[in-house]
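A short worksheet on the structure shown next.
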Amino acid sequence: MGAGSINAAGIVAWLADLDLEHHAPAFIEADIDTDVLPYLTDADLKELGVTSLGHRRKIMAASAPSVPETQVEDPIGERLYLTVVFCDLVNSTRLAFEQGAERFSELLSDFYQGVEQAVTPYGGHIAQYHGDGVLVYFGYPDPLEDAAPRGVESACSIISSVTKLHTPDGEPLAVRIGVASGPVVVNDQHPELVSNSGRAYGVVVNLAARLQAEADSNSVVLSDTTATLLGDQFELRPLGLRLLKGIETPCRLYQVRDQKAPDTSRQLPWMTSNGAFINHDDELKKLSEQWIKVQNGGFALTTVAGEHGIGKSRMISEFLKQHHLGQGAARRIVCQPQGSHIPFYTFRQLLAQDQEAGQNQASEILLALDEIAISPQAERHQRRARVISDLVDYLTGLETKPRVLWVDDLHWADPSTLEVLRTLALSSPTGLMLIISARDTGMDRQYSTVQNAISIILVPLDDHHTHAIVQDFLGNIPGGDQFIDALVQRAEGMPIFAEELSREIRAQLSETDRHDGSVEPEQAIPSSLQQSLQARIRRLKAARPLMRLAAVCGRESPVPLLRDLWSGPDRIETALNELVDSGLADLQIGVGPDQENCLIIRHQMLLDCAYDTILSRDRIVLHNDVIAAMEQRADQGRDLEPSVMANQLERAQRPQEAATQWVQAGRNAALQSADAEAVALYRRALSLIPSIPKDQKNWTKQFEADTLLALYPAVIGAEGYRSADISVMNRIRGLITQTGGEQRVFSSMFFRWIDILAHGDIDVGHDFALNLSDIANQEPTGLHQMLLHRMVGTTHMLRGEFDNALWHLDRFISNYRADIHADLMRPFGATDNHATVMSCFSAIRAITGTQDEANRAIDAALLAAEQTGLAHTMCHTLTFGAALPSALRRDWDAVSNFRDRLHKISSERDLAFWAIFDRMLTGFLEIAEGTHKPGFAKSEECFNTLRDNDFLFLFPTFRTARALAELETPDGPTEDLAALEQTLSLGERWMLVYFKELREQAL
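The opening position of the sequence shown corresponds to residue 1 in UniProt numbering, with each subsequent residue numbered one higher.
Printed below as a string of structure tokens:
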């Protein structure tokens, strides 16, 4: 801020803003005022005793003449959330007839003037004079966080103003008013015809006009959305549902009966929240300790800082509530953004309110404030100092009992208000607790010399406390529990987000027809947050175009990318600084030559709100600009993340290209064993198919077939072998019939074979594989023949035909080259085929070989799995290629070791399917160690889980392994061996070799 806007008496506050207030006496003694500040030289400052070079540079930079702020024009067309007031002169037709054209014109002019005088103090904008009606916007062109309560307050003021007007015959004028809130498009259609800051278009404008028609004379009718935004500031009378002209569905209306909250303590909806107060116990304790000092006759100052919505006002209100500090014992003053450059604006509002209440001292101070500007230059300094002293006395009051003065939103305070507060704090009046709250976490430095001053800085809540807030709103609502986790994540630790998101979902669930799955936690931003968040964004000047770019690029945007896209009137560095200083974003500095600086928007909700303001047509243009810039960066050697590009392409309405990028992102995830992520990405690609042009029918079929084939193993890896829906396989086969290609045909047959084995149909799977020989031989590289050897070798093994199994498995191994075949075989199955074949070898050696041969085979299988780096393959090998063979040899120490490794991977990667086998092996070990009952129950639970999921592969084999564990117990096997042997004989006959020993032990 340039010094020219600060009067001479404000030199102390001006220097305090620079943390240099200790130089103030020298400046005052030398008669340095704001007119002189811009002309001070380095030598002048040295003469004043400013010996530090850094301090001199800071003073000279801050006192330089202000450069006019760049006015950033609103984009042509923007979607905003406004409150619209429509007021209509009652009986205008009769009055026009009775008064005649000339007198009625004068009467109408007085009516217009009365409305304008009533709405201007509340930030209203006269958008249109429409015959005998006036249309007023709140929230545009000037952003307002509390547009709805301002609009309703102004409506009440309009009635008061208009009813003072009379016709020449003495008849008082009357007015009807409607107020509605909601989304509109502003400044969009024919902007060249609009001379007064733009027009708003949308149902809300029409609704406000319809609402006034429902109002009685000299009354205000509200839409339900506006009523919701008011909290409990007004007393409302429900008017029920009414059908309005031109609107199909009935509207719920309310009539304003009375106002509850004064202007200087205007409350946003969440400030009177009926939700549970969560956390901040330590902060409340600090406030209580400060209050005790005041009760003992002292003075205490507490600064409370934290970003918008962090819960400052809620916490202070809770403190006042706990100590029963109501009206009289506590007073709250709210600084307003429109007054940040008007001297003493905050206190003018307070004094005006007290003047209306009949307080003479308030009237005297208001008069003294007005006289400062018209007094001679020589007297202004003294008059200003006297007014500041009078204000301090007024705020201190004549009360002797302990009291609280709470100044909220100090970041909007004008410099003169800041000087008053600093003077008040330094005077340390007894019996007063001064609480100052703001977004600026550094404001406490201005009060560092004040006695009994403490600072409280609020930070976002952790997930536990956020969960408690959401639970309080939704816990008792049918169906509410399913939304809690999603809302906790979306709130990002901000109490205001948690409460309003929960309130929105609760309202939707409370509707009798909304239990059909149509409620989504990721739906639009609640109306209770729309105006507030949009106001914060629209107050930006140079940074506003940058916020639009960030909304399109994503929450974390590389600064070089933003620079490539930047076309604002200022340097992008100016915009970056403003955006960071506003508290809406952070700048992450890259470390190292390959890391770029990154702009990070503080909250996803802010980003969503900024994106919502952009019209659909403009979004497409912007996304295409981002795509072009990203492609250019890729050409320059920068990595291009497929999912980022896919998101941009999808939003640019280029579904075919987007789907291709989503698939590439899915393949990248699958390569990292991130199967759950791969499934989501493949399904995202498939969801775009209906949007692809019809003339791309052939491409679409081939794309869907290939994507489903890639999806199938990812689903198996993420959710287990039986999780892949049979309808997916049927769809694949249908597409392959239409598109052809031996690669797709064999892939389809391979997954069908896996599906057969998962059902436990070993003999069927064996015959099925043998019948694929002709299809496999059509592939010229031999890849399919190798895979067929793997398939046939596996089923020979399970059937107990070990010689035949080894012959086929050897054919696979002798032809396998990792550098050639690893990637080519990746689409075939959820596990690496080479590691799977090595697991078959280890299982066969456990049954037919020596202990040493079995151990070497297990080591070889684990090495093959480790070399892939794939978690699913490692879990598969630890289970089937290591733990199972060791259990068959009754080497329980080895089983324990492999179980531990399986547990580590499955728990770290959250692999639920493999966690079942981890628990099953734990049950086997407990049985072998003598803890039979819990171990048997644990393994039985796992068997039931697998059976419930229709996974029957190796089911009899693991039951055999459990029976072998029971051989270590005195009582022997409790399994029904006859039934188990019968089951094995139908498929997994390789386990029959153990039944002689099992039967003998059972006898």
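A virtual CB, placed ideally from N, CA and C, is assigned to each residue, including glycine.
The alpha-carbon separation between Gly-568 and Pro-560 amounts to approximately 15 Å. Here His-280 carries a coil assignment [DSSP, helix/strand/coil]. Tyr-81 is bridged by DSSP to Pro-183.
Residues Ile-692, Gln-696 of the same chain have their beta carbon placed closer than 7 Å to that of Gln-656, with the five preceding and five following residues left out of the count.
Taken through DSSP and simplified to helix, strand or coil, Ile-601 comes out as strand.
Between His-784 and Phe-746 the beta-carbon gap is near 5 Å, inside 8 Å, which marks them as a contact. In the DSSP assignment, Ile-126 falls outside any alpha helix (DSSP H) and within the unbroken beta strand (DSSP E) covering 125-130.
Partner residues in the beta bridge of Phe-138, as assigned by DSSP, are Thr-83. In this chain, the beta strand (DSSP E) harbouring Trp-406 covers 403-408. Under DSSP, Tyr-201 takes part in a beta bridge, and its partners are Val-185.
Boundaries cannot be given for Thr-51, as no alpha helix (DSSP H) includes it and DSSP labels it neither H nor E.
Distance from the CA of Ala-758 to the CA of Met-991, rounded to the nearest whole angstrom, comes to 18 Å.
Between the alpha carbons of Ala-155 and Ser-223 lies a gap of roughly 14 Å.
Residue range 299-305 is occupied by the beta strand (DSSP E) that includes Thr-303. Between Leu-878 and Leu-579, the alpha-carbon positions lie close to 52 Å from each other. Around the CB of Ala-978, fewer than 16 other CB atoms lie within 10 Å, so the residue is classed as exposed.
About 12 Å separates the Cβ atoms of Ala-769 and Met-797, ruling out a contact at the 8 Å cut-off. In chain order, Pro-642 place their CB closer than 7 Å to the CB of Gln-664, counting only its own chain and leaving out the 5 sequence neighbours on each side. DSSP places Glu-929 in the coil class of the three-state scheme, outside both helix and strand. Each residue's CA atom was taken as its position, placing Ala-685 and Ala-659 some 4 Å apart.
The C-alpha of Gly-182 lies about 7 Å from the C-alpha of Thr-83. Rounded to whole angstroms, Glu-153 and Ala-180 show a C-alpha spacing of 13 Å.
In this structure, DSSP gives Cys-251 an extended state, which the three-state scheme calls strand. Distances from the CA of Glu-1000 to each of Ala-101, Leu-649, Ala-43, Gly-972 were compared; the closest alpha carbon is that of Gly-972. A residue is called buried when at least 16 other Cβ atoms come within 10 angstroms of its Cβ; Gln-653 does not meet this threshold and is exposed. Your pair Ile-454 and Gln-636 does not check out as a contact, with CB atoms roughly 52 Å apart and the cut at 8 Å. Of the candidates Gln-482, Pro-402, Phe-497, Asp-639, Phe-497 places its Cα closest to the Cα of His-465. Sequence-distant Cβ neighbours of Lys-938 in its own chain, meaning closer than 8 Å and more than five residues away, are Arg-919, Met-920, Thr-922, Gly-923, Glu-926. Judged by DSSP secondary structure, Ile-32 falls outside any beta strand (DSSP E); it is assigned neither H nor E. Judged by DSSP in its simplified three-state form, Met-494 adopts coil rather than helix or strand.
Membership of Ser-105 in the alpha helix (DSSP H) is indicated by the continuous run 92-119. In the DSSP assignment, Gln-588 falls within the unbroken beta strand (DSSP E) covering 585-588. Proximity of the segment 587-597 to the segment 543-551 falls short of the contact definition, fewer than three beta-carbon pairs being nearer than 8 Å. Selection Gly-124, Ala-835, Gly-829 evaluated against Ala-818 yields Ala-835 as nearest (Cα-Cα). The three-state reading of DSSP puts His-324 in coil, since its state is none of H, G, I, E or B. Counting C-beta atoms within 10 angstroms of its own C-beta, Asn-944 has fewer than 16 neighbours from the protein chains shown and is therefore classed as exposed.
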